[in-house]
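In the working numbering, the protein residues as written are 87 to 510. Using N, Cα and C, we set each Cβ at its ideal position, and we do this for glycine too. Reading through the structure tokens given below for one structure.
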Ligand code: ADP
């Protein structure tokens, strides 16, 4: 197998979003959980997205994991590697975007790297190096209050300069609008001036296509799903991608369906209420979860008689006031971790009982479940809602499985049934 595109994503749901974008663009794509073992038999694909959890860990660890992912991707023949970051450039002055970019640039031997988090389809645009979230600059958006990575500066040339050892410059919109040759020429000029990376403006998808054409001639690029779209279009234009074999016709997985909701977002709370109309729902007692194992046992006793008859839904989600009360008593991190691990244990026991179709609501919750189940990777299938594909397990010890992993605010009101309909 020779990969047309290798990607390293700094979190799981961001990886799914990118894998979904690449698939919808016409590339056969697999998302792996971590750097695969040598034994993993990958199907023939055009792109692999290696999912890491490296966005908010110590920079040195993020560098080490990303370098291992890059080595593996190059070993699979990837000529170009995209380091996938959040479209809101989530990072601090310590990293992790700059340090990872510097290390991958050194390993790739790329003289200058194109960087853009622009993704106009989701309202992320870059002009004069400033990132806009919808109509407001990044530093006026809700990201200014992000609990881990508060963003107080919308000028990405400055933001990345503080994180990187190399000189950062701008390729402005006027240059991008002239086309890929103009971008290449500008990069050549910047290179002579000693620039190692350039923030590239983009306001429309057509700009991403131009950036993709220029970037694909390099070994490395940095950006969100938007530059993924541009790279995919550049690769597809070469006419060397694999035919889109219809995985929709593959053998149904069948068997019982289990849904778990650990997200407390407004969208998920509304989706749980809608699901109550059509399936049995168990509301866990978070207090009991944090203080012992009995609640997990209660959930499994409740679930077993239903399995196979109808889909079931197990929920820890509560309203913000109720969540705040639990957090006040037990601490935000401790409560969150205990509930995620309880969800992971419930999923594992349900898998022991034969469940092979899972729908999980919540980014961290999904990460905990997938890690515990030990699924090494996923093939990206049909789209349930924007940014949420059906995922088919690849190389799982327990065999075939389908999953839907959604970050809290994604999906329409009847998300759980929408997902189940596409997961035969
Ligand atoms: P989202 O995608 O909406 O951010 P996540 O799963 O990433 O959802 O995050 C939700 C966090 O809230 C998880 O750490 C989860 O364990 C925690 N959580 C879930 N239910 C409760 C609850 N009732 N009280 C406190 N924390 C909760």
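TODO: Let me know the alpha helix (DSSP H) ranges lying completely inside the region 437 to 479, each 4 residues or longer, listed in chain order.
DONE: 449 to 459
Under 7 Å Cβ to Cβ from residue 186, same chain only, skipping five residues before and after it: list those, please. 148, 149, 152, 169
Taking the C-alpha atoms as reference points, what is the distance between residue 378 and residue 250? 45 Å
- At what residue ranges does the region 253 to 294 contain a whole run of the beta strand (DSSP E), taking only runs of 3 or more? 253 to 257, 281 to 286
What is the C-beta distance between residue 197 and residue 277, in whole angstroms, given that I count them as a contact (C-beta under 8 Å)? 6 Å
Going by DSSP in three states, residue 131 sits in which element: helix, strand or coil? coil
Tell me which residues share the same chain as residue 484 and place their Cβ nearer than 7 Å to its Cβ, disregarding the 5 neighbours each side in the sequence. 437
Q: Report, in whole angstroms, the separation of the C-beta atoms of residue 474 and residue 490, which I expect to be a contact under 8 Å.
A: 6 Å
Self-check item: Through-space distance from residue 260 to residue 334, alpha-carbon basis
Solution: Caution is warranted here: a pLDDT of 49 is assigned to residue 334, below 50, making its placement in the model unreliable, and no coordinate value can be reported.
TODO: Please classify residue 415: is it buried, with 16 or more other beta-carbons within 10 angstroms of its beta-carbon, or exposed?
DONE: exposed
Cβ-Cβ separation, residue 258 to residue 214 (assumed contact under 8 Å), whole Å:
6 Å
- Less than 7 Å between the CB of residue 513 and some heavy atom of the ligand ADP, yes or no? For the chain, the structure presents residues 87 to 510; residue 513 sits outside this window and is missing.
From which residue to which residue does the alpha helix (DSSP H) around residue 321 run?
311 to 323
Start and end residues, alpha helix (DSSP H) containing residue 183: 183 to 194
Q) At what residues does the beta strand (DSSP E) containing residue 216 begin and finish? A) 216 to 219
| query | Relative to the C-alpha of residue 381, which residue among 427, 236, 357 is closest? | reply | 427
Does the Cβ of residue 188 have 16 or more other Cβ atoms within 10 Å, making it buried, or fewer, making it exposed? buried
Exposure label - residue 216; buried when at least 16 CB within 10 Å | buried
Three or more beta-carbon pairs under 8 Å between the region 126 to 140 and the region 192 to 207, yes or no?
-> no
Would you say residue 493 and residue 99 are within 8 Å of each other, going by their C-beta atoms?
yes
Taking only the alpha-carbon atoms, compute the straight-line gap between residue 395 and residue 371 and give it to the nearest angstrom.
-> 25 Å
Requested in this report: For the alpha helix (DSSP H) containing residue 408, list its first residue and its last residue.
Outcome: 406 to 416
Exercise. In terms of residue numbering, what span does the alpha helix (DSSP H) encompassing residue 359 cover?
Worked result: 352 to 361
Discussion item. Quick check: the Cα distance between residue 206 and residue 486, rounded to an integer number of angstroms?
Written reply: 36 Å
Quick one: is the Cβ of residue 434 within less than 7 Å of any heavy atom of the ligand ADP? no
Looking only at DSSP bridge pairs, what is residue 125 linked to?
In DSSP, residue 125 forms no bridge with anything.
The ligand ADP and residue 404: does the residue's C-beta get closer than 7 Å to at least one heavy atom of that ligand?
yes
Name the DSSP bridge partner or partners of residue 168? 93, 307
Pick helix, strand or coil for residue 506, following the three-state DSSP scheme.
-> helix
Close-in-space but distant-in-sequence residues of the same chain around residue 349 (CB under 7 Å, 5 per side omitted): 403, 447, 448, 451, 494
**OP:** Kindly list the residues whose CB is nearer than 8 Å to the CB of residue 482, restricted to its own chain and excluding five residues on each side of it in sequence; keep chain order.
**Re:** 459, 460, 461, 462
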